[in-house]
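First comes the structure, then the notes that go with it.
In this note's numbering, the protein residues as written are 57 to 345.
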């Protein structure tokens, strides 16, 4: 699954809400110090290297404030850029540029930050295995999931579950309520979707395989334990003639993702892509009059 680029029109409500939060009754400083007739030029500049994501939203913020603002985006979504790169140029009524600056930067910094961190994880994993997929999770900012998962895709990651509605993943708390893995899996199959089961040790892995899981999420395995678990999966596949997808999760960071990828696991999910990505250092520099 891969999210589509966000269409500005589809997120205008979110952008307007963000502007209302920041502007309230109006930008007092700008109204008092900048004539309504004043015009300005500015650039979106990267202070550090990164990967572009969400620049269309950056531009849309200003168009909402004043349709006379023109924004020329200079770097394509998903493209890497060096420190000092100019990502966009803006021109139009100075009040709109000043009043929209912070909200527009907040979106751009957040999404570029996610794309940049994701690209680092992907590069580290692909050095060990060219076929491994780096997945995102549901550990996203409330109401910003579609945007943040789009940023993950811009960074080369793969979108996993958009929500609880589009996949079946049986986790430990489901098992605590259902009573047993086999019972939970039997019931889950009625939904008509592939069923993935979270396992925490080799015993529960064997149980999931025998019960007919289509995929297994190997949670909090070290790379060494993961390698042993994958050997068990491959033996099961050869014996049953059935493919089982494998996913590793838990305890994965930039320092060890290559070791996880080297085991031959199909995918690695990383919550940090969205819940711990630092905002990228971007600035909006105005040209002097």
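Cβ coordinates follow ideal geometry from the N, Cα and C atoms, glycine included.
Let me confirm a value: residue i is counted as buried when at least 16 other C-beta atoms fall within 10 Å, else exposed. Which label applies?
i: residue 311; result: exposed
i: residue 216; result: buried
i: residue 127; result: buried
i: residue 198; result: exposed
i: residue 148; result: buried
i: residue 67; result: buried
i: residue 280; result: exposed
i: residue 57; result: Reliability fails at residue 57, whose pLDDT of 46 lies under 50, so the model's placement of it is uncertain and no value is given.
Whole angstroms is fine: what's the gap from residue i's alpha carbon to residue j's?
i: residue 186; j: residue 178; result: 10 Å
i: residue 92; j: residue 132; result: 33 Å
i: residue 226; j: residue 233; result: 11 Å
i: residue 272; j: residue 154; result: 50 Å
i: residue 265; j: residue 245; result: 14 Å
i: residue 324; j: residue 267; result: 23 Å
i: residue 138; j: residue 106; result: 7 Å
i: residue 94; j: residue 114; result: 21 Å
i: residue 258; j: residue 285; result: 6 Å
i: residue 188; j: residue 320; result: 7 Å
i: residue 214; j: residue 190; result: 6 Å
i: residue 72; j: residue 142; result: 26 Å
i: residue 144; j: residue 247; result: 46 Å
As a quick exercise: from the options, pick the residue whose alpha carbon is nearest that of residue i.
i: residue 299; options: 251, 207, 73; result: 251
i: residue 116; options: 90, 137, 74; result: 74
i: residue 104; options: 320, 183, 328, 336; result: 336
i: residue 156; options: 98, 182, 191, 198; result: 98
i: residue 306; options: 284, 320, 255; result: 255
i: residue 163; options: 122, 142, 100; result: 100
i: residue 182; options: 269, 315, 332; result: 315
Let's see if you can read the secondary structure: which residues bound the alpha helix (DSSP H) around residue i?
i: residue 292; result: 279 to 296
i: residue 69; result: 68 to 79
i: residue 336; result: First-last for residue 336: undefined, no H or E at that position.
i: residue 243; result: 237 to 244
i: residue 84; result: 84 to 89
i: residue 266; result: 258 to 267
i: residue 329; result: 328 to 331
i: residue 144; result: From DSSP, residue 144 is part of no alpha helix (DSSP H) but of the beta strand (DSSP E) over 142 to 149.
i: residue 317; result: 313 to 317
Tell me which residue opens and which closes the beta strand (DSSP E) that residue i is part of.
i: residue 228; result: No beta strand (DSSP E) holds residue 228; the alpha helix (DSSP H) holding it covers 228 to 234.
i: residue 251; result: 251 to 255
i: residue 303; result: 301 to 305
i: residue 271; result: 271 to 275
Please tell me whether, using a cut-off of 7 Å, the distance from the CB of residue i to the nearest non-hydrogen atom of the ligand NAP is below it.
i: residue 150; result: You won't find the ligand NAP in this model; it holds no ligand whatsoever.
Report the start-end ranges of each alpha helix (DSSP H) in the segment 184 to 215 that is 4 residues or longer and not cut off at the edges. 201 to 210
Can you list the beta strand (DSSP E) stretches of 3 or more residues lying completely in the segment 96 to 137, in chain order? Complete beta strand (DSSP E) runs here, min 3: 126 to 129.
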